[in-house]
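Input: a single structure, listed below in structure tokens.
Residue numbers (the numbering used here): 3 to 516.
Encoded structure:
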């Protein structure tokens with residue numbers, strides 16, 4: 003019990019005025035009602051926000067869609083009839099509230115506060131109820147997490163285990179961390195997760211920042227992605243020594259390599275850092291920029307291609323060739339260079355060319371060679387392929403998507419497929435045979451303002467995203483990427499039965515950030 007008392011001493015005994023103000027003005031901004039009743043043909047309304055009674059200026063209806071402004075306090079209120087049952091009428095929410103420790107100015111506390119406004123009884127003088135469940139203490143070097151009177155062995159986000167509307171105030175956090183080590187931890191750069199509907203209570207971040215001071219300089223040196231991967235629960239331990247006392251020990255590389263990384267201006271994650279570490283450990287002379295690029299293609303999805311090509315060339319020769327071709331600026335990402343090379347090698351094989359000859363294996367200009375090969379193997383106006391495609395499409399339900407700006411629909415014919423490739427100057431025509439057989443799916447991505455004009459082409463195989471290319475193989479714009487992401491989510495939902503998914507990545511919640 004003494005440990006609990008020591009922990010509790012860091013927290014104020016009463017709910018602060020600033021928390022009450024946040025709850026009343028933000029959390030329960032929509033929990034303001036006008037309860038009306040009719041007396042001798044006249045309507046009188048009581049405002050639950052200012053607790054004042056007034057005569058209605060307009061005729062009120064129970065649960066009317068339009069909110070009504072209270073003439074006394076100016077609040078926009080929902081309308082309810084006083085005589086209708088309110089047995090289950092209650093508004094609830096969950097708030098996390100940060101404050102400085104009462105006894106340690108270098109420490110920060112956080113509380114999960116459940117707030118309630120209960121209208122089931124009298125609607126006059128309704129008080130806001132507060133109940134605290136989880137409490138956290140963040141001190142330099144250590145953290146504590148208590149659930150009621152029980153000390154938890156580890157710190158975890160209570161938000162992720164609670165239901166209902168959840169609220170966090172970034173202004174509150176900024177005030178609480180002022181003057182502490184957390185003020186400079188760059189916490190405000192880790193508030194938005196991939197799922198836009200998810201709101202972090204920031205507990206995971208402050209737990210990490212309290213225990214590992216390296217979080218601050220990792221973030222400032224360009225390794226935010228590594229911190230994000232830790233927050234998402236991905237393994238980082240073998241790559242990053244979070245307990246290291248210097249940046250070299252944390253990243254497991256020397257100062258020269260760290261300076262080399264900083265000159266790239268790129269966002270380094272655990273995968274890229276691990277690849278660079280291994281190359282340096284094995285005595286390879288490689289720049290940080292080249293290591294970053296190669297880490298994107300030294301991946302299992304390209305394993306088969308490498309195994310086939312290594313019959314004719316070493317891995318070092320392959321790496322050097324791909325780096326050289328990528329730097330010709332025909333592609334936005336080196337993974338796209340790799341895909342085009344893989345497609346090109348398949349085309350060479352189809353046309354009977356010997357890959358043992360360097361002129362075919364490593365063409366001087368991969369982009370130009372790929373375009374030439376695509377032209378040679380086009381199945382233009384192929385009646386057999388067209389017939390096969392139409393028979394397949396006739397037996398399948400078309401998968402489409404559209405929003406206010408983008409339309410995604412299946413490509414409807416072989417001729418449209420080739421037209422797509424010609425207009426956008428990419429190699430989609432080379433997929434005609436696989437497309438007609440149903441081995442891969444191809445979709446036309448159009449601007450709603452110009453539905454007949456080719457814009458982007460999307461490839462999906464086995465219900466998984468493969469690539470989406472625009473004019474001259476350009477990458478997706480943000481508008482196109484958002485539409486494609488939503489389309490792939492719809493495909494995934496239709497493919498799988500309903501199940502509980504990862505909270506931070508996919509679950510859409512009703513929450514708010516202030």
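Even glycine gets a Cβ: it sits at the ideal position worked out from N, Cα and C.
(request) Rounded to whole angstroms, what's the CA-CA distance from residue 433 to residue 292? Just pull it up for me. (result) Counting from one through the chain shown, the residue named residue 433 turns up at place 431. Counting from one through the chain shown, the residue named residue 292 turns up at place 290. The straight-line gap from Cα to Cα measures roughly 31 Å.
(request) Within its chain, find whatever has a CB closer than 6 Å to the CB of residue 394; leave out the 5 residues flanking it on each side and keep chain order. (result) By 1-based counting over the chain shown, the position of residue 394 is 392. Counting only Cβ-Cβ distances below 6 Å, and skipping sequence neighbours, we find 440.
(message) Can you look up residue 321 in the DSSP assignment and give me helix, strand or coil?
(response) Within the chain shown, the letter at position 319 stands for residue 321. Reduced to three states, the DSSP call for residue 321 is helix.
(request) Let me know if residue 274 comes out buried or exposed under the rule of 16 or more other beta-carbons within 10 Å of its beta-carbon. (result) Here the question's residue 274 lines up with position 272 in the chain shown. Sixteen is the threshold: when 16 or more other Cβ atoms of the shown chains lie within 10 Å of the Cβ of residue 274, as they do, the residue is buried.
(message) Just verifying my parser: in three-state terms, what is the DSSP assignment at residue 423?
(response) Stepping through the chain shown from its first residue, residue 423 is reached at position 421. Helix.
(request) Kindly indicate the opening and closing residues of the beta strand (DSSP E) around residue 134. (result) To locate residue 134, count along the chain shown from 1; it is residue 132. Note, residue 134: beta strand (DSSP E), 130 to 141.
(message) Which complete alpha helix (DSSP H) runs does the region 271 to 298 hold, if anything under 4 residues is left out?
(response) Runs of the alpha helix (DSSP H) spanning 4 or more residues and lying entirely within the region 271 to 298 occur at 272 to 283 and 290 to 297, in chain order.
(request) Taking all protein chains shown into account, decide if residue 18 is buried (16 or more other Cβ within 10 angstroms of its Cβ) or exposed. (result) Position 16 of the chain shown holds residue 18. Residue 18 comes out exposed.
(request) Output yes or no for whether 8 Å exceeds the beta carbon distance between residue 207 and residue 192. (result) Translated into the one-based positions of the chain shown, residue 207 becomes position 205. Translated into the one-based positions of the chain shown, residue 192 becomes position 190. Yes.
(request) Tell me residue 48's beta-bridge partners as DSSP assigns them. (result) Along the chain shown, read from residue 1 onward, the residue named residue 48 stands at position 46. DSSP output for residue 48 lists 37 and 55 as bridge partner(s).
(message) Taking the beta strand (DSSP E) that residue 371 belongs to, which residues open and close that run?
(response) Start at 1 with the first residue of the chain shown, and residue 371 comes out as number 369. Note, residue 371: premise wrong, no beta strand (DSSP E); alpha helix (DSSP H) at 368 to 379.
(message) Please state the DSSP three-state secondary structure of residue 98.
(response) Counted from its first residue, the chain shown places residue 98 at position 96. Residue 98 falls in the strand class under three-state DSSP.
(request) Could you check what DSSP says for residue 401 in three-state terms: helix, strand or coil? (result) As a first step, residue 401 is located in the chain shown; it is residue number 399 there, counting from the start. In this structure, residue 401 counts as coil in the three-state DSSP scheme.
(message) Whole angstroms are fine: how far does the CA of residue 408 sit from the CA of residue 31?
(response) Here residue 31 corresponds to residue number 29 of the chain shown, with the count starting at 1. Here residue 408 corresponds to residue number 406 of the chain shown, with the count starting at 1. For residue 31 and residue 408, the distance between alpha carbons rounds to 35 Å.
(request) Indicate whether residue 48 and residue 129 have their beta-carbon atoms separated by less than 8 Å. (result) Within the chain shown, the letter at position 46 stands for residue 48. Within the chain shown, the letter at position 127 stands for residue 129. No; because the gap between Cβ atoms is not below 8 Å, this pair is not in contact.
(request) Name the two residues that bound the continuous beta strand (DSSP E) containing residue 523. (result) There is simply no residue 523 to check, as the chain begins at 3 and stops at 516 in what is shown.
(message) So for residue 78, helix, strand or coil by DSSP?
(response) Here the question's residue 78 lines up with position 76 in the chain shown. It is a strand residue.
(request) Over the uninterrupted alpha helix (DSSP H) stretch that includes residue 362, give me the two end residues. (result) Along the chain shown, one-based indexing puts residue 362 at 360. Where residue 362 is concerned, the enclosing alpha helix (DSSP H) starts and stops at 360 to 363.
(request) Kindly indicate which residue of 96, 94, 113 and 97 has the alpha-carbon position closest to the one of residue 103. (result) One-based indexing of the chain shown puts residue 103 at position 101. 113 is the residue among 96, 94, 113 and 97 whose C-alpha sits nearest the C-alpha of residue 103.
(request) Taking only beta-carbon positions, decide if residue 476 is within less than 8 Å of chain C. (result) No chain C is present in this structure, which holds just one protein chain.
(request) Just the C-alpha distance for residue 80 and residue 174, rounded to the nearest angstrom, thanks. (result) Counted from its first residue, the chain shown places residue 80 at position 78. Counted from its first residue, the chain shown places residue 174 at position 172. The straight-line gap from Cα to Cα measures roughly 28 Å.
(request) Find out if the Cβ-Cβ distance for the pair residue 141, residue 212 is shorter than 8 Å. (result) For the purposes of this step, residue 141 is identified with residue 139 of the chain shown, where counting begins at 1. For the purposes of this step, residue 212 is identified with residue 210 of the chain shown, where counting begins at 1. For the pair residue 141 and residue 212, the CB atoms are nearer than the 8 Å cut-off.
(message) Assuming the contact rule is C-beta atoms closer than 8 Å, residue 469 and residue 461 should be a hit. Round their C-beta distance to whole Å, please.
(response) Position 467 of the chain shown, counted from the start, is the residue given in the question as residue 469. Position 459 of the chain shown, counted from the start, is the residue given in the question as residue 461. Right, their Cβ atoms sit about 5 Å apart.
(request) Go ahead and pull the three-state DSSP assignment for residue 469. (result) For the purposes of this step, residue 469 is identified with residue 467 of the chain shown, where counting begins at 1. In the structure shown, residue 469 sits in a strand (DSSP, three-state: E or B).
(request) Find out if the Cβ-Cβ distance for the pair residue 21, residue 96 is shorter than 8 Å. (result) The residue given as residue 21 occupies position 19 in the chain shown. The residue given as residue 96 occupies position 94 in the chain shown. Contact flag unset, no.
(message) Taking its Cβ as the centre, do 16 or more other Cβ atoms sit within 10 Å of residue 350, making it buried, or is it exposed?
(response) As a working note, residue 350 is residue 348 in the chain shown. By the neighbour-count rule (16 or more Cβ atoms within 10 Å), residue 350 is buried.
(request) Quick one: using the 10 Å Cβ neighbour count with 16 as the cut-off for buried, is residue 323 buried or exposed? (result) Locating residue 323 in the chain shown gives position 321, counting from the first residue. The residue is buried, with at least 16 neighbouring Cβ atoms inside 10 Å.
(request) May I ask which residues mark the beginning and end of the beta strand (DSSP E) holding residue 111? (result) Indexing the chain shown from 1 puts residue 111 at position 109. First-last of the beta strand (DSSP E) with residue 111: 110 to 120.
(message) If I measure Cβ to Cβ from residue 373 and keep anything under 6 Å in the same chain, skipping five residues before and after, which residues do I get?
(response) Counting from 1 along the chain shown, the entry for residue 373 is found at position 371. Same-chain partners within the cutoff: there are none.
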